[in-house]
Amino acid sequence: MKIAILGAGIVGLTTAYQLTRDGHDVIVVDRQADVSLECSYANGGFIAISQAVPWSSPGVLLRVLTTMFRSDAPILLHPSQLPKIWRWGLEFLSCSSAPISWENTKHILSLALYSLGLLRKVRDEANIDYFQRTNGCLKIYADQHSFEESAKAQEPQIPLGIDFKVLDAAQCIKMVPALDETRQKLAGGIFVPDEEGGDCYEFAKVLSQTIREAGGEFRFSSAIEGVEMEGNRVAKIITSTGSITADRYVLAAGADAPLIMQSHGVRLPIIPVKGYSLTLSRDPWPDAPDLQIVDEKNLFGLNPLGTNRLRLAGLAEIAGYNRAPQRRRTDAFIAGFLDRFPQLEACLDRSNPEPFCCLRPVTPNGLPILGQSRFTNLFYNIGHGHLGWTLAHGTARIVADLIAGKSPALDVTACRPRPTY
Ligand SMILES: Cc1cc2nc3c(=O)[nH]c(=O)nc-3n(C[C@H](O)[C@H](O)[C@H](O)COP(=O)(O)OP(=O)(O)OC[C@H]3O[C@@H](n4cnc5c(N)ncnc54)[C@H](O)[C@@H]3O)c2cc1C
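Numbering-wise, the sequence shown is residues 476 to 896 according to my numbering.
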């Protein structure tokens, strides 16, 4: 079959890869001049199997409401967005009860573990080097209460296949000596040995080459301007460089997916949530961590990419489709890192960098939306939120199986599009 994939982020590319392996002819369309230049460009790089708890979880509302007017809030909601997202917000709240959040955690964790297995397989098959690290991740906590609460909350996940070790402050410092500088603010940490990381953009570039070699086609600098329907089928995609027809279509346009479908009366429950990232040379800080670190208080991640770069990522801001970095948020972002790692000052001075901002495609329940839409030849692979790099390989295989009419390896009923989508 000829299959058109709308979006060349990590989700679109992994989908194209799985579909070419199944013998289909793929064409991948994107408005950018190359692959993976939006949300999949400079994300945190964590294959974050330990971050399976969705944002819609008990206590999140209080956290957002008490910090929404502070420029340094890890999660910031611009009040002007409320009229636009109230429907999404109500659904988010309805998913935040402990039992629903736990059900969704189980779904996300099983998707993440499935995806990790496929990532390992694909990187071997396609021989991809993407500055990966496979030595785990340390999640650190500034206060004793949140440390103990998190360790307790992680326990029910052990039978689901995730291993972790609870470490006191001294053990954390032994593992990551750079933490010694702020030891008075360190209650302890949770080490996740199976967690991996690497440069998503680098992975995407090499994967796109593999797709090309297998006969896949790319149409860049082509903005999707419309989807033309004929009855309950997609007839063609209208782009700024001409139209495209195919037997099947896969929508993988990240945070923009709802904009593409809205003229057909489809209200996809995805909102854009802006994040910040900075990539620095680690040369001025030779003793920088060799392990991925997540700071649970400030909600940021520090990822050593290869031997000479550090990726800093974090912040969540509901501010519509505005992708521009804001000065005061950038300052807050950097201050959060310096609070934990004052040693970073040297790297910042040297590179004087501008942050990269992009939009996470976030659903109310934290689950991606996967499978056939109400249009018979249109499939969705969207809504991966803060975990797109973690989940992409798994959701790609699942969508490829659904297109082939096969049962996927996991039960994804909870991720299937509603009849109105
Ligand atoms: C700061 C930050 C840190 C993150 N860290 C991590 C992490 O450590 N681990 C993790 O797993 N996830 C992380 N994420 C989330 C992850 O990056 C996203 O979930 C993932 O990149 C989404 O991939 P995607 O392919 O769905 O979207 P995108 O990468 O945004 O791809 C969508 C593509 O569709 C194209 N497109 C959209 N509309 C149109 C149109 N009209 N016409 C043509 N083309 C169009 C875009 O150009 C784009 O290339 C992070 C996100 C942020 C913001």
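For every residue, glycine included, the Cβ atom is placed at its ideal position computed from N, Cα and C.
It should be emphasised that the depicted structure is a prediction, and the values quoted were computed from it without experimental measurement.
Query - Inter-residue Cα distance where the pair is P836 and A527 - result: One C-alpha to the other measures close to 16 Å.
Query raised in the report: Can you check whether the CB of R723 is closer than 8 Å to the CB of F854?
Result: yes
**Report entry** For N856: DSSP bridge partner residues
**Finding:** For N856, which the question treats as bridged, DSSP gives the partners L845.
Requested in this report: Under 8 Å by Cβ, that's how I've got S697 and V504 pegged, so tell me the actual separation to the nearest angstrom.
Outcome: 5 Å
Report task. Put S590 into one of helix, strand or coil per three-state DSSP. Result -> Looking at S590 - three-state DSSP - the assignment turns out to be helix.
Query - Which of helix, strand or coil DSSP assigns to L813 - result: Looking at L813 - three-state DSSP - the assignment turns out to be helix.
**Report entry** Inter-residue Cα distance where the pair is S576 and T685
**Finding:** 38 Å
Report task. Examine ligand 1 and report whether any of its heavy atoms sits within less than 7 Å of the Cβ of G520. Result -> yes
Query raised in the report: CB-CB under 8 Å to L642, same chain, minus the five flanking residues each way: which ones, in chain order?
Result: L613, M650, G663, G664, I665 and F666
Query raised in the report: Of the residues G858, E566, R893 and E513, which one's Cα is nearest the Cα of A679?
Result: E513
Query raised in the report: Got a sec? Which residues, its chain only, sit under 7 Å from F622 by beta carbon, not counting five neighbours each side?
Result: Y616, A662 and G663
Query raised in the report: Between G869, V874, K881 and A879, which lies nearest to L593 when the distance is taken from Cα to Cα?
Result: G869
Query raised in the report: Does the distance from the CB of S525 to the CB of F639 come in under 8 Å?
Result: Yes, the pair counts as a contact, with Cβ atoms nearer than the cut-off.
**Report entry** Length of the line joining the Cα atoms of I699 and A732
**Finding:** Computed Cα separation, rounded: 11 Å.
Query raised in the report: Considering only the beta carbon of each residue, do Y676 and A517 sit closer than 8 Å?
Result: Yes, the pair counts as a contact, with Cβ atoms nearer than the cut-off.
Report task. Could you have a look at E700 and say whether DSSP puts it in helix, strand or coil? Result -> In this structure, E700 counts as strand in the three-state DSSP scheme.
Query raised in the report: So, helix, strand or coil for I665, using DSSP?
Result: strand
Query raised in the report: Helix, strand or coil: which one does DSSP assign to D599?
Result: helix
Query raised in the report: Skipping 5 residues on each side, what residues in its chain have a beta carbon closer than 6 Å to that of G636?
Result: L588
Query raised in the report: Sorry if obvious, but does the Cβ on C890 come closer than 7 Å to a heavy atom of ligand 1?
Result: C890 Cβ: outside cutoff for every heavy atom of ligand 1.
Requested in this report: Starting from the Cα of S848, find the closest Cα among L494, H739, S756 and N778 and give me that residue.
Outcome: H739
**Report entry** Contacting residues, own chain, Cβ-Cβ under 7 Å from N852 (five flanking each side not counted)
**Finding:** R708, V709, D722, R723 and Y724
Query raised in the report: Given R804, which residues of its chain have a CB within under 8 Å of its CB, disregarding the five upstream and five downstream residues?
Result: S546, L551, Y751, L790 and E792
Query raised in the report: Going by alpha carbons, who is nearest to G858 out of W561, R658 and L743?
Result: Selected option, being the one with the closest Cα: L743.
Query raised in the report: Does the Cβ-Cβ distance between G898 and W561 come in under 8 Å?
Result: Residue 898 lies beyond the residue range present for the chain, which begins at 476 and ends at 896; the question has no answer from this structure.
Query raised in the report: Is the beta carbon of I502 within less than 7 Å of some heavy atom of ligand 2?
Result: Looking at this structure, you won't find ligand 2 anywhere; what it does contain is ligand 1.
Report task. Select from I735, M736, K559 and G564 the residue whose C-alpha is nearest the C-alpha of L540. Result -> G564
Query - Pairwise C-alpha distance: T888 and A879 - result: 17 Å
Query raised in the report: According to the Cβ coordinates, are I478 and A727 closer than 8 Å?
Result: no
Requested in this report: Give a single yes or no on whether W577 has its beta carbon closer than 7 Å to a heavy atom of ligand 1.
Outcome: Distances from the CB of W577 to the heavy atoms of ligand 1 are all 7 Å or more.
Report task. Have a look at S532 and P631 and give me their C-alpha separation to the nearest angstrom. Result -> Counting only the Cα atoms, P631 lies some 15 Å from S532.
Query raised in the report: Since E670 contacts Q767 with CB under 8 Å, what's their CB separation in whole angstroms?
Result: 7 Å
Requested in this report: Grab me the residues of L693's own chain with a C-beta within less than 6 Å of its C-beta, minus the 5 sequence neighbours each way, in chain order.
Outcome: Per the sequence shown, the amino acid found at residue 693 is Phe instead of Leu. Excluding sequence neighbours, F693 sits near V503.
Requested in this report: Could you tell me whether the Cβ atoms of A884 and I485 are closer together than 8 Å?
Outcome: no
Query raised in the report: Leaving out five residues before and five after T495 in sequence, what residues of the same chain have Cβ atoms less than 8 Å from its Cβ?
Result: Non-local C-beta neighbours of T495 in its own chain, meaning closer than 8 Å and more than five positions away in sequence, comprise V501, I686, A689, G690 and G691, ordered along the chain.
Query raised in the report: What span of residues does the beta strand (DSSP E) with K772 cover, start to end?
Result: DSSP places K772 outside any beta strand (DSSP E), giving it a letter other than H or E.
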